[in-house]
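The structure appears below as structure tokens.
Residue numbers (the numbering used here), protein chains in the order written: chain U, 63 to 443; chain C, 63 to 443.
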């Protein structure tokens with residue numbers, strides 16, 4: 063285990079009816095901006111619950127933060143926040159709305175252009191923000207990271223802000239109305255978040271391995287039920303909680319992380335608009351195949367403890383584990399090959415060129431460069 | 063899963079050499095009281111590291127917080143803290159020193175007697191405190207609970223203070239000098255902390271079960287190595303981290319808890335002075351036997367997932383699981399029967415009388431009363 067510092071001050075407010083606590087969670091002296099996505103929260107009753115809980119608060123609303131939130135939209139939100147002297151931001155929606163709010167809350171304390179903060183990779187300051195999360199996937203509700211896109215440049219980058227959400231409200235009943243494809247993308251995103259922190263071989267920890275395996279096992283167990291049983295409160299509770307625990311630092315203590323699949327996935331989304339979770343389902347099995355020697359010991363452990371695969375030889379076990387991982391994504395209804403999305407070699411070349419231009423080298427062993435990205439993308443063609 | 067609020071703001075500073083960070087972690091304007099136990103930190107070099115890191119800070123020292131910290135000692139520390147206008151407390155030692163500091167930091171903001179706070183079960187206010195933990199067992203380094211004894215009345219109670227540790231420094235190298243019996247007691251304490259949150263059948267969560275099982279599996283795997291390989295850094299890292307994760311709220315989200323073994327164990331310590339972890343090793347298997355019907359489903363899951371026990375019938379599996387649990391404690395070198403400590407029926411009656419006087423009813427199903435305590439204690443005679 064390597065040295066680490068862990069601190070996560072977010073207050074997780076979990077369970078049915080929790081939105082009603084908003085009135086007590088936000089000081090009435092605050093000038094609150096409520097930020098939303100496209101309007102699904104008006105259909106599922108969440109908007110009404112939020113407004114009822116904050117009926118005695120001073121609020122303004124901003125609508126229209128899109129999936130893969132765009133800096134162009136967030137610039138407008140920032141301008142409004144400054145105009146109204148907002149000092150508390152509440153994201154109501156999925157991870158994209160919250161990611162957008164993280165940039166707006168930081169940009170409201172910054173004189174320059176919000177995109178500077180994204181390019182810098184970190185925000186120096188931020189106003190307070192919190193969320194009512196209604197789609198569990200990104201884990202954004204218990205961390206200080208966000209991923210923002212720029213429509214003009216076609217770029218998509220992660221950045222870290224200076225504050226964690228003050229609180230995050232998770233009511234499993236709000237997930238009952240999530241469309242199937244979004245649930246599938248979310249489950250894929252959560253599964254790969256765990257793998258990005260688990261499937262490494264340097265700076266290992268027995269307890270962190272067990273916890274990562276615990277989330278993977280839970281996801282494999284609940285995924286069919288999440289997709290089939292719309293209103294199963296217990297299942298949706300474990301789904302929501304798994305998403306938060308997958309990316310809040312609790313399984314990352316002292317261990318090396320990877321994130322190569324996310325790096326490649328972000329570019330795939332930037333060039334093709336394939337949803338984030340869906341890109342991961344394509345890239346992860348291919349990455350595992352490309353790195354099966356480097357990740358050998360951990361793939362074998364994953365095969366044994368998570369997938370319960372045994373075989374005549376280690377080679378066969380590894381092949382079966384990679385195939386089972388791809389099958390898991392397919393069981394969610396997700397595609398796992400680029401051709402299924404109509405992505406051709408021309409697009410692959412554009413993605414590879416971008417890594418080449420930036421001279422990117424990444425992954426847990428810091429050895430994935432543009433030629434290896436090309437090999438991975440061609441192998442999942 | 064039941065509704066819950068989780069928030070744990072403690073900064074965990076983990077790894078070798080971390081004590082040197084103390085100088086930056088505590089503001090130089092603070093008037094710091096350093097609190098210690100009996101002096102082992104002078105022998106293992108921790109004291110020197112702390113003093114070197116805080117050489118430019120304004121500090122006073124208080125020595126002599128004993129195992130099962132006594133309010134009589136803590137009253138003296140509180141008086142000194144008030145006299146020197148201390149505004150930051152640093153516990154250097156094991157869980158007992160830190161538990162004591164939690165009371166002192168609260169009592170320094172209270173006009174009455176410190177024991178009032180313990181009897182009240184909670185502190186309304188507290189000054190800031192932190193710790194350098196050198197014996198991992200209680201998990202006190204990442205929670206706001208503490209257990210305090212009163213020598214005069216022979217009582218021992220838990221209370222909750224109003225603040226979490228500001229930070230907790232864990233350097234696995236500081237554990238190399240812990241005596242074997244303290245390591246064994248610590249491992250027992252950690253193991254039972256997990257079981258108290260896991261071995262219940264109401265308000266269940268798949269993900270919380272997996273995480274609890276993950277700590278139990280880790281402890282079973284590392285325990286022999288903790289006891290045999292004094293200077294194995296990786297093993298000691300997982301030992302320290304397991305202790306913190308076992309009792310910081312991370313495996314308690316939304317699930318019912320038990321704590322009956324701790325309730326009975328505290329009384330056993332109060333009457334006999336048997337170390338806390340050692341009492342749990344005696345009581346836990348007996349409690350499991352007494353409640354094997356009530357806890358049936360979870361014992362079977364524990365047998366399958368943690369102990370990998372299979373058998374011809376559920377009855378046999380349950381018996382084997384309880385026997386394996388007792389064997390685990392014995393593998394630590396701990397006694398699991400009261401007669402081995404010379405505890406007789408007279409002492410058992412005194413303990414039972416105390417529960418009778420208080421009309422105590424506790425446990426995950428709130429159905430353990432004095433007669434059941436008697437049955438449990440007689441069965442582990």
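Glycine included, every Cβ here is placed at the ideal spot set by N, Cα and C. Note that this is a predicted model, so its numbers are computed, not measured.
The residues 93, in chain order, have a CB closer than 6 Å to that of residue 120(C) in the same chain once the five nearest residues on each side in sequence are set aside. Burial state of residue 238(C) is exposed, judged by a 10 Å Cβ sphere holding fewer than 16 other Cβ atoms. DSSP places residue 355(U) in the coil class of the three-state scheme, outside both helix and strand. Only residues of its own chain outside the window of five on either side were considered, and among them 68, 70 have a CB closer than 6 Å to the CB of residue 311(U), listed in chain order. With 16 or more other Cβ atoms from the protein chains shown falling within 10 Å of its own Cβ, residue 233(C) counts as buried.
Chain-order list of chain C residues neighbouring residue 296(U): 63, by C-beta distance under 7 Å.
Taking 8 Å as the threshold, the shortest C-beta distance from residue 244(U) to chain C does not fall below it.
At a cut-off of 8 Å between C-beta atoms, residue 300(U) counts as an interface residue with respect to chain C. Within the model, the alpha-carbon separation for residue 334(C) versus residue 261(U) is close to 49 Å.
Of all residues in the stretch 233-264 of chain C, none places a beta-carbon less than 7 Å from a beta-carbon of chain U.
If you draw a straight line from the Cα of residue 393(C) to the Cα of residue 159(C), it is about 28 Å long. The three-state secondary structure of residue 423(C), taken from DSSP, is coil. For residue 376(U), the closest alpha carbon among the candidates 341(U), 442(U), 363(U), 269(U) is that of 363(U).
Taken in chain order, the whole beta strand (DSSP E) runs of length 3 or more contained in the stretch 168-245 of chain C are 190-195, 207-212, 217-222, 229-232. Interface annotation, residue 69(U): in contact with chain C, CB-CB separation under 8 Å.
Contacts with chain U at 8 Å (Cβ-Cβ) do not include residue 203(C). Neighbours of residue 273(U) in chain C, taken as residues at a C-beta separation under 7 Å, are given in chain order as 273, 276. Looking at the DSSP output, residue 121(C) shares a beta bridge with 94(C). With a minimum length of 3 residues, the unbroken runs of beta strand (DSSP E) contained wholly in the stretch 110-159 of chain C fall at 120-124, 150-155.
With distances taken between CA atoms, residue 343(U) lies nearest to 324(U) out of 223(U), 360(U), 324(U).
Of the other Cβ atoms in all chains shown, 16 or more fall within 10 Å of the Cβ of residue 227(U); this residue is therefore buried. Under the Cβ distance rule, residue 200(C) does not count among the residues neighbouring chain U, no pair being separated by less than 8 Å. In this structure the stretch 249-259 of chain U touches the stretch 339-356 of chain U; the number of beta carbon pairs closer than 8 Å is three or more. The three-state secondary structure of residue 70(U), taken from DSSP, is strand. The alpha-carbon of residue 301(U) is positioned some 10 Å away from that of residue 287(U).
Selection 178(C), 257(C), 244(C), 236(C) evaluated against residue 220(C) yields 178(C) as nearest (Cα-Cα).
With its beta carbon at least 8 Å from every one in chain U, residue 371(C) lies outside the interface. For residue 270(U), the enclosing alpha helix (DSSP H) covers residues 268-290. A Cβ of chain C is located within less than 8 Å of the beta carbon of residue 316(U). Distances from the CA of residue 110(C) to each of 90(C), 136(C), 81(C) were compared; the closest alpha carbon is that of 81(C). With contacts defined as CB atoms closer than 8 Å, residue 201(C) and residue 309(C) qualify as a contacting pair. Within the DSSP bridge table, the entry for residue 368(C) names no partner. By the Cβ rule, the stretch 94-113 of chain U counts as touching the stretch 143-161 of chain U, because three or more pairs are nearer than 8 Å.
Residues of the stretch 66-96 of chain C that bring their beta carbon within less than 8 Å of a beta carbon in chain U comprise 66, 67, 68, 69, 70, 71, 72, 73, 74, 75, 76, 77, 78, 79, 80, in sequence order.
Annotated three-state conformation of residue 430(C) is strand, per DSSP. For residue 272(U), the closest C-alpha among the options 289(U), 367(U), 435(U) is that of 367(U).
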